[in-house]
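Protein chains in written order, with the numbering used here: chain A, 1 to 336; chain B, 1 to 405. Just below is one structure, and these are the notes that go with it.
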């Protein structure tokens with residue numbers, strides 16, 4: 001897992017440090033009509049022209065940060081120009097807890113990522129609150145009587161929802177519920193104000209948009225495992241015993257049917273990350289996904305690295321949790 | 001002239017799409033008549049869901065073919081801007097219509113005063129072209145690497161699975177943002193990736209034919225020369241542009257000369273294509289690997305091993321045909337997913353040129369004025385929705401029908 005994370009960050013590091021990308025960075029930082037020599041001197045002054053492994057080592061914090069001396073002014077990776085000599089640390093990398101400075105926002109990467117993650121956390125929490133119960137209800141209702149009309153219509157609904165990517169459903173939702181064209185101005189088409197103060201009016205559409213896409217898949221998985229459980233021997237025994245149908249579903253079948261969807265829900269997290277980027281761009285909600293777009297389109301190397309480390313970490317941790325949770329929920333694996 | 005009502009807009013669109021309806025009717029009657037002789041494809045016409053899905057998919061395929069290379073269905077040029085038609089609602093008549101011009105903007109004008117209806121149809125051709133071919137390439141890569149990984153296991157499997165998981169752990173959008181930029185195109189990385197990824201169909205065909213016929217050199221040698229020559233030519237034309245395989249400002253690697261080059265691919269489209277294949281192939285790899293691990297324990301594989309067949313013969317002629325059911329279903333689903341990915345790229349304005357009529361870019365262009373003029377974004381959104389829905393329903397129908405026997 002650590003090796004995967006290391007490899008991935010190195011790939012991101014390599015791609016962002018390709019020379020055309022650095023040139024673009026220099027031009028956005030300086031001005032767009034910089035000559036090639038000016039670009040090269042800017043990059044040299046800021047330590048971008050060192051060999052790639054050295055730069056990567058500095059970012060991780062196993063190699064000492066670069067120091068550049070020009071006309072008596074000493075600048076370095078780990079300190080500002082006005083720091084007195086004895087206070088200058090030699091190493092500053094991720095291992096030392098220093099994620100670097102964002103070139104776009106002119107701020108510490110650590111704090112930016114933390115605030116944006118908090119905002120996205122709020123969104124994700126709401127999404128989970130809507131998506132998981134809805135998906136489970138749809139799946140269980142569809143799966144309890146296989147082949148019935150209810151099953152057919154709910155299955156079609158869940159196929160339709162998996163076929164609707166966020167940018168399509170978001171556009172349709174905004175057009176129907178928030179534009180003047182249909183006259184239904186129930187919700188707001190922008191969630192910018194939801195960052196400080198989330199209300200029903202400005203938060204519903206983004207949450208609904210993300211939940212809808214993930215929901216169909218979980219519902220289909222729940223349906224599949226529910227139909228499987230409903231054909232099991234102990235359900236037949238319960239029916240022959242004369243237990244009420246609602247009791248069979250709620251007390252006998254439900255718990256066993258929920259094991260498979262749990263893994264699926266955990267594995268949905270990485271997919272949700274995708275949706276988050278799209279929805280935050282569409283609804284202008286300045287969270288983690290918006291940050292990713294900003295960092296990537298401005299080639300903000302250190303911010304982009306931090307963003308990718310966080311997202312790769314999320315993916316790997318959810319995989320781990322789903323493995324552990326699967327064993328925990330399923331006594332057959334735990335005891336064996 | 002007055003604005004058209006919604007009823008007459010729909011009627012006019014119906015008439016405009018005439019060739020599509022005719023082809024659909026012909027296709028469906030033919031398939032219905034001969035459905036008992038057509039195998040899995042014929043069985044599809046037993047399930048309502050599968051038929052609806054197939055209808056939706058074929059509708060867009062026909063729209064793409066008639067509208068794209070045959071240039072039939074469109075009412076206006078998708079790139080020309082008509083004065084006075086900016087952000088006009090659907091059914092607005094054109095001012096100063098000349099002889100032989102279509103008098104209305106059936107689905108209105110977008111924010112650059114272009115006809116939404118014609119752009120929708122031209123966009124269908126881009127999607128119908130790229131999505132299935134990219135999926136096919138992803139399948140070639142996934143199959144060629146997944147079969148040996150599943151069949152041999154061991155170190156090879158560990159290594160390839162590690163690589164696949166590495167790509168899978170990457171958030172797709174981050175990968176797109178890193179790969180699909182003009183700066184990366186300058187470095188030539190997409191060309192190297194194209195060189196690597198596009199060779200897989202060649203390898204696949206080569207091994208496939210060689211393992212089948214290598215005991216009969218008389219058939220094998222001419223067959224291989226023919227197939228490899230043709231595919232190799234296509235491969236070289238695909239990867240080389242202006243006589244160079246990789247052309248960067250500082251150096252270039254020569255490919256085949258321009259007069260032998262059959263077609264050139266726009267670098268923007270190439271990078272989109274390559275990254276979509278790159279993202280899709282690890283998932284295919286995992287599916288194929290899982291299937292191969294399952295099927296290699298069967299008796300007929302043991303029988304082939306006892307007969308003394310080579311490992312590649314067993315993989316490609318024993319295991320692969322028996323894994324076709326799940327693979328066909330996944331192929332349909334994956335085309336849908338690729339369509340979504342292409343839309344995502346367009347939505348973020350990556351890769352394709354901003355005036356390109358593909359659906360993702362059009363949604364991206366239309367979303368800024370969504371609150372006032374939603375029609376420009378809604379038309380491609382609904383189109384994308386129906387195509388992906390059709391593919392999903394088709395996959396569902398195929399799964400049901402292939403499970404039945």
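Backbone N, C-alpha and C define an ideal beta-carbon position, used for all residues, glycine too.
| Check | Outcome |
| --- | --- |
| Cα-Cα separation between residue 35 of chain A and residue 312 of chain A, rounded to whole angstroms | 37 Å |
| Close Cβ partners of residue 40 of chain A (< 8 Å) along its chain, the five nearest in sequence each way excluded | 49 |
| Selected residue, minimal CA-CA separation from residue 214 of chain A, among A/264, A/288, A/306 | A/264 |
| Which residues DSSP lists as bridging residue 127 of chain B, in chain order | In DSSP, residue 127 of chain B forms no bridge with anything. |
| Contact residues within the stretch 383-397 of chain B, judged by C-beta distance below 8 Å to chain A | 384, 385, 388, 389, 391, 392, 393, 396 |
| Of the listed residues A/325, A/206, A/12, nearest to residue 59 of chain A (C-alpha basis) | A/12 |
| Closer than 7 Å at the beta carbon, the chain A residues around residue 345 of chain B | None at all; the shortest Cβ gap to chain A is about 11 Å. |
| CB contact below 9 Å: residue 183 of chain B versus chain A | yes |
| Span separating the alpha-carbon of residue 11 of chain B from that of residue 160 of chain B | 54 Å |
| Near-chain A residues of the stretch 363-378 of chain B (beta-carbon distance less than 7 Å), N- to C-terminal order | 363, 367, 370, 371, 372, 374, 377, 378 |
| Helix, strand or coil at residue 234 of chain A [DSSP, three-state] | helix |
| Residue 382 of chain B beta carbon near the ligand ADP (any heavy atom closer than 8 Å) | Absent from the structure shown: the ligand ADP. Ligands present: none. |
| Simplified DSSP assignment, three categories, for residue 285 of chain A | coil |
| Option nearest residue 277 of chain A by Cα separation, candidates B/177, B/393, B/282 | B/177 |
| Per-residue burial, residue 273 of chain B [other beta carbons within 10 Å of its own, 16 or more giving buried] | buried |
| Residue environment, residue 81 of chain B, which counts as buried when at least 16 other CB atoms sit within 10 Å | exposed |
| Residue 20 of chain A: first and last residue of the uninterrupted alpha helix (DSSP H) it sits in | 19-29 |
| Under 7 Å by beta carbon: chain B residues contacting residue 20 of chain A | 183, 186, 187 |
| Within-9 Å CB hit, residue 312 of chain A to chain B | yes |
| Segment contact, 8 Å Cβ cut-off, at least three pairs: the stretch 372-383 of chain B with the stretch 303-321 of chain A | no |
| Per-residue DSSP class, three states only, for residue 77 of chain B | coil |
| Same chain, Cβ closer than 8 Å to residue 62 of chain A, neighbours up to 5 away in sequence not counted | 91, 93, 95 |
| Own chain residues within Cβ distance below 6 Å of residue 284 of chain A, not counting five before or after | 190, 192 |
| Chain A within 9 Å of residue 111 of chain B, Cβ atoms only | no |
| Residue 199 of chain B - DSSP class collapsed to helix/strand/coil | helix |
| Near-chain A residues of the stretch 152-180 of chain B (beta-carbon distance less than 7 Å), N- to C-terminal order | 165, 166, 169, 170, 171, 172, 173, 174, 177, 178 |
| Neighbour flag for residue 149 of chain B against chain A, beta carbons, 9 Å | no |
| Closer than 9 Å to chain B by CB, residue 165 of chain A | yes |
| Rounded Cβ spacing between residue 317 of chain B and residue 240 of chain B (contact assumed at less than 8 Å) | Not confirmed; about 33 Å, so no contact. |
| Coil, strand or helix - residue 67 of chain A by DSSP | strand |
| Assumed close pair residue 109 of chain B, residue 122 of chain B - CB separation to whole angstroms, cut-off 8 Å | About 15 Å; that fails the 8 Å criterion. |
| Beta carbon proximity, residue 278 of chain A to chain B, threshold 9 Å | yes |
| Short-range partners of chain B found in the stretch 93-104 of chain A, where Cβ spacing is below 7 Å | none |
| Spatially closest choice to residue 357 of chain B from B/67, B/19, B/25, B/24, by CA coordinates | B/67 |
| From B/201, B/69, B/77, residue whose alpha carbon lies closest to that of residue 133 of chain B | B/201 |
| 9 Å Cβ cutoff met for residue 314 of chain B and residue 301 of chain B | yes |
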